[in-house]
Amino acid sequence: MATDPTISLKIRTALGEYLKRDPDTILITQHLRDDLGLDSMAVIELLYRIEEAFDLQIPDQDLVGLTNVGHVVNYVEKRLGKTASPASTKKPAKLSKPKGKKKS
Amino acid sequence: MRARVVVTGLGVVSPIGIGVSEFWKAALSGQSGISAITSFDPFSMDGYRSKVAGQVRNFAVERFLDSPHGERVDRYAQFALVAAKEALADSGLQMAKENPHRVGVIVGAGMGGMVMGEREITQLYQQQKPHRVHPNFIPVITLNSASGIIAMAYGAKGPNLTISTACSSSAHALGQALHCIREGRADVVITVGADASITPLVFAGFCSLRALSSKFNDQPEKASRPFDRMRDGFVMGEGAGTLILESAAHAKKRKARVYAEIAGYAATSEAYHMVIPREDGVDVAHTMRLALADAGMTPAQVDYINAHATSTIIGDAVEAKAIRQLFKSRADKIAISATKSLIGHTLGAAGAIGGIASVLALHTGQIHPTANYDDPDPACALAGLSRSAQERRMKVALLNAFGFGSNNAAVVLKQATK
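As structure tokens, this is what we get:
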């Protein structure tokens, strides 16, 4: 799938800053949890950075589909395009179980 | 028979040194850690009545830790991690050889994660964007973030508690750790006091309470002067202290060096006022008496008192009065020192850092000076106070700590038996 190089770079840069590694080593196909080692809290922190970087608000119901780097890039592209309600336009990918449960 | 509890490791982050040897050397030489707060970036100190504090300078957590545990916690918990690392190394304890379920962590903290707390609150109120509140805000400001992150850093799976009783928090942490080991619920407790809240809002709050010194803004090192006639309030400090407490049997088994014994503890409430102590000193005297009784000792056995002594007009006078009530004619024979004269009032860390000064006094036979005790206030003059370091043979020390919310703590320490 084609991705906007600017958006992709921004997202990989945010990931690279978070993970303290070279953004060039982060691939669009990598799974956030299984390949990059982000637990559920880390994914939330990453999305917080992405919201900031792109001046977006990501609703809770959209989180389930964002499991690999490409999903995040595509999602941001859609949100920056003319799609009004991304949550309703795409059936979310099946959510894999988060690594760690948060205690309240 | 209840287990005896000993101290086998020490660690400290303070305005006069990061690391015990730097801290103790500076303390014995009477070095002041109080300096001007130049700004609360981005605004100046102009609107603040008090402009001085005991600040830990040039602290960058990554210089002290080789693990990522310090990255997502607030400054006070970073201090706690660094002090815990030093204390554990000092104790020689190797977690890989320990039953992790028998190693606990008890932290005393008064204010907690106020650096991030203030920033996030300010941004929310200014920008009114709730979705921009950082996802780590809650885990960071939750008061047990330090006890949690220390357990994670070392795999300590025993009791994990946070005691928050304002300025007496870590004296109570020491007491609770003593109980925990005495009762057989842990072999080792990593006992910590930590606070880092020299932040624009907290500092303003203490200014508004008229609790801070404001007469010595141009001479910061003179501002903290417990028991002196010119004292006019406390000086805020920040830091952390860690003491590794363990059962004497456990320490013996692993041939650990023993600094001192924690022999007794008492916790009381004056049930009187949120911020003012009872002026008759009766409850403070009662607390010290109870702690000595818990240790199986009498007031006649005390050689040294590490006083709470914050440099407030009322607080110091009440403590001195209580010491006179309890120790009577012996009051002037007991060596006394006020650690806050050197580093300011580190709030939740004060009990632990005072505890370290007490342990080192028993261990080395040296007592650090009480800085700025230039003109003894007749209302609280005690002959055992000195502007100079003292050398004494000491077997028993008493640590006092009192906190807002009308609460008192006292801890009795004993010289290690040879």
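Here the protein sequences line up with chains X and A, keeping their order.
Every letter in the first sequence is one number past the one before it in the working numbering, and letter 60, counting from 1, is 60.
Just remember that the working numbering sits 104 ahead of the position in the second sequence, which is counted from 1.
Using N, Cα and C, we set each Cβ at its ideal position, and we do this for glycine too.
The model shown is predicted, which means the values in this text are computed figures rather than measured ones.
Check: Rounded to a whole number of angstroms, what is the C-alpha to C-alpha distance between A:Lys-129 and A:Arg-428?; Outcome: 31 Å
Check: State the DSSP-derived secondary structure class of A:Asp-299, mapped to helix, strand or coil.; Outcome: strand
Check: Could you spell out where the beta strand (DSSP E) holding A:Lys-189 opens and where it closes?; Outcome: Element bounds for A:Lys-189: not the beta strand (DSSP E) but the alpha helix (DSSP H), 179-195.
Check: Give the secondary structure of A:Asp-407 by DSSP, where H, G and I count as helix, E and B as strand, and everything else as coil.; Outcome: coil
Check: Straight-line CA distance for A:Lys-359 to A:Leu-192?; Outcome: 15 Å
Check: Tell me whether A:Gln-232 sits in a helix, a strand or coil according to DSSP, three-state version.; Outcome: coil
Check: Let me see if you follow: with CB-CB separation under 7 Å, is X:Ile-50 close to chain A or not?; Outcome: no
Check: For the alpha helix (DSSP H) that contains X:Ile-44, what are its first and last residues?; Outcome: 40-54
Check: For A:Thr-391 and A:Tyr-258, what's the separation of their Cα atoms in angstroms?; Outcome: 34 Å
Check: Buried or exposed for A:Thr-450, going by 16 or more other Cβ atoms inside 10 Å?; Outcome: buried
Check: Using the Cα positions of A:Ala-250 and A:Leu-185, report the straight-line distance between them to the nearest angstrom.; Outcome: 7 Å
Check: If A:Pro-443 sits next to A:Ala-315, beta carbons under 8 Å apart, how far is it from one beta carbon to the other, in whole angstroms?; Outcome: The identity of residue 443 of chain A in the sequence shown is Thr, whereas the question assumes Pro. About 18 Å separates the two Cβ atoms, so there is no contact after all.
Check: Classify X:Asp-60 as buried or exposed, calling it buried when 16 or more other Cβ atoms lie within 10 Å of its own Cβ.; Outcome: exposed
Check: Can you give me the start and stop residues for the beta strand (DSSP E) that A:Glu-365 sits inside?; Outcome: 364-373
Check: With a cut-off of 7 Å, does the C-beta of A:Ile-225 fall near any C-beta of chain X?; Outcome: no
Check: So the beta strand (DSSP E) A:Glu-96 belongs to, where does it begin and stop?; Outcome: Given that chain A is displayed from residue 105 to residue 522, the structure contains no residue 96 of chain A and the question cannot be resolved.
Check: Could you say which of A:Ala-188, A:Asp-332, A:Ile-141, A:Gly-341 lies nearest to A:Ile-120 if we only look at CA atoms?; Outcome: A:Gly-341
Check: Could you pull the start and end residues of the beta strand (DSSP E) that A:Gly-533 belongs to?; Outcome: Nothing about residue 533 of chain A can be read from this structure; chain A reaches only from 105 to 522.
Check: Report the neighbours of X:Glu-45 on chain A: residues whose CB is nearer than 7 Å to its CB, in chain order.; Outcome: Pro-239, Asn-240
Check: Does the count of Cβ pairs from the region 190-210 of chain A and the region 237-257 of chain A closer than 8 Å reach three?; Outcome: yes
Check: Answer yes if the region 161-171 of chain A comes into contact with the region 499-513 of chain A, meaning at least three C-beta pairs across the two stretches below 8 Å, and no otherwise.; Outcome: no
Check: With 7 Å set as the bound, which would you pick, yes or no: does the beta-carbon of A:His-173 sit closer than that to a beta-carbon of chain X?; Outcome: no
Check: From the DSSP secondary-structure annotation, give me the bridge partner or partners of A:Glu-495.; Outcome: A:Gln-470
Check: So, are the CB atoms of A:Val-111 and A:Val-515 less than 7 Å apart?; Outcome: no
Check: Looking at the C-beta of A:His-472, does it have a partner C-beta in chain X at a distance below 7 Å?; Outcome: no
Check: How far does the alpha helix (DSSP H) with A:Gln-429 in it extend, from its first residue to its last?; Outcome: 417-431
Check: Taking Cβ to Cβ, would you say A:Val-339 is nearer than 7 Å to A:Ser-312?; Outcome: no
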